[in-house]
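**Student:** Just passing along the structure, written as structure tokens.
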Amino acid sequence: MNRKRALISDTLMAKKRKNATEKFGAVSDGPTDIKSTLEYLMTLFPRKLFNDTLPQIALKHQLYSIHSDKTLVDKENKLREKGELLMFQLGFDAEAFGLIFASDYKTKVLAGEEGKVTRAAVEKFLEKVLSSCRDLSFTKDKMLKEFLFTDSEITQLVKSGVLTVRDAGSWWLSIPNSGKFTKYFIQGRKAVLGMVKKSKYSEVLKAELEERRTTSQVKFHMKYHIHDIVGAELVESVPTTSGILLRFVDS
Numbered sequence: 011m012n013r014k015r016a017l018i019s020d021t022l023m024a025k026k027r028k029n030a031t032e033k034f035g036a037v038s039d040g041p042t043d044i045k046s047t048l049e050y051l052m053t054l055f056p057r058k059l060f061n062d063t064l065p066q067i068a069l070k071h072q073l074y075s076i077h078s079d080k081t082l083v084d085k086e087n088k089l090r091e092k093g094e095l096l097m098f099q100l101g102f103d104a105e106a107f108g109l110i111f112a113s114d115y116k117t118k119v120l121a122g123e124e125g126k127v128t129r130a131a132v133e134k135f136l137e138k139v140l141s142s143c144r145d146l147s148f149t150k151d152k153m154l155k156e157f158l159f160t161d162s163e164i165t166q167l168v169k170s171g172v173l174t175v176r177d178a179g180s181w182w183l184s185i186p187n188s189g190k191f192t193k194y195f196i197q198g199r200k201a202v203l204g205m206v207k208k209s210k211y212s213e214v215l216k217a218e219l220e221e222r223r224t225t226s227q228v229k230f231h232m233k234y235h236i237h238d239i240v241g242a243e244l245v246e247s248v249p250t251t252s253g254i255l256l257r258f259v260d261s
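Residue numbers (the numbering used here): 11 to 261.
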């Protein structure tokens, strides 16, 4: 497919993972435990860029840039089952899932609700729903009958940003005020992919790319974007005697 296709499909559609040894076997320079890996990825999240109002966000596919063992990566489900981790459908692509530690999410959400009329509904949601439910989305029937919210409270949850409309009568769990994150993430990914594509033979050493001066289009840590494009298989990761080579994938 022509790489000049529409922005979102161009930069965000992750292909099915294949040949894990070739692509990921030599890029495991991070921690081996999934929780530790998430903590590492979140240290790359630019908190100051958002005035520390957003929880630290990692993307699920970034884990594949560090771990080739899909079974190990799926252990993030256990963290979700224990209520330690939340997963979000990020909205800009069906394959893009955000991961946030529950404690960080709740802290940032409540801080943003200080003095607002929506706070009571949000507190109820955090206590009754997030403490017991691992769903990514919620139907109106479930919100009304199982969690005992009123229509007015649901409206307040949407207004606060903890829910966003999925379709008629259902909502995604969401991250309040994350629109700027999405914008910067997409433009940064496109810019970093462009750096790889414009390099000689459309390939560049990972270490060299990490040291590149970022442009105005790249507001996140370069490593954050590298873990993204490797995990999403937008570049191949090739072991060489000089180090890991990132090769642009022209699909």
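Just so it is clear, CB atoms sit at the ideal spot from N, CA and C, and this is done for glycine as well.
Determine contact between the region 122 to 141 and the region 168 to 188, defined as no fewer than three beta-carbon pairs at a distance below 8 Å.
**Tutor:** yes
**Student:** Find the nearest neighbour of Ala201 within the set Ser170, Val83, Lys229, judged by alpha-carbon distance.
**Tutor:** Lys229
**Student:** Could you check where the alpha helix (DSSP H) with Gln66 kicks off and where it finishes?
**Tutor:** Premise fails: Gln66 is in no alpha helix (DSSP H) and is neither H nor E.
**Student:** Among Ile67, Asp238, Thr160, Arg257, which one has its Cα closest to the Cα of Gly114?
**Tutor:** The amino acid at residue 114 is misidentified as Gly; the sequence shows Asp. Measuring from the Cα of Asp114, the nearest candidate turns out to be Ile67.
**Student:** Could you give the DSSP three-state label for Val175: helix, strand or coil?
**Tutor:** strand
**Student:** I'd like the list of long-range same chain contacts for Thr128, defined as Cβ closer than 8 Å, with 5 residues on each side in sequence excluded.
**Tutor:** Its chain contains Gln166, Leu167, Lys169, Ser170 as the residues whose beta carbon lies nearer than 8 Å to that of Thr128, once the 5 sequence neighbours on both sides are disregarded; these appear in chain order.
**Student:** Label Tyr211 either buried or exposed according to how many other C-beta atoms from any shown protein chain fall within 10 Å of its C-beta, with 16 as the threshold for buried.
**Tutor:** exposed
**Student:** In whole angstroms, what is the alpha-carbon distance linking Phe102 and Gly253?
**Tutor:** 33 Å
**Student:** Can you find at least 3 beta carbon pairs, one from the region 152 to 162 and one from the region 70 to 89, that sit closer than 8 Å?
**Tutor:** no
**Student:** Determine the DSSP secondary structure at Gln197, reduced to helix, strand or coil.
**Tutor:** helix
**Student:** Could you give the residue range of the alpha helix (DSSP H) that holds Glu254?
**Tutor:** A quick correction: the sequence has Ile, not Glu, at residue 254. Run containing Ile254: none in the alpha helix (DSSP H); it sits in the beta strand (DSSP E), 253 to 258.
**Student:** Can you give, in chain order, each stretch of the beta strand (DSSP E) that sits fully within the region 78 to 159 and has at least 3 residues?
**Tutor:** Complete beta strand (DSSP E) runs here, min 3: 95 to 99, 107 to 111, 147 to 149.
**Student:** Does the structure place the region 188 to 205 close enough to the region 231 to 251 that three or more beta carbon pairs sit under 8 Å?
**Tutor:** yes
**Student:** Is Glu243 helix, strand or coil by DSSP?
**Tutor:** In this structure, Glu243 counts as coil in the three-state DSSP scheme.
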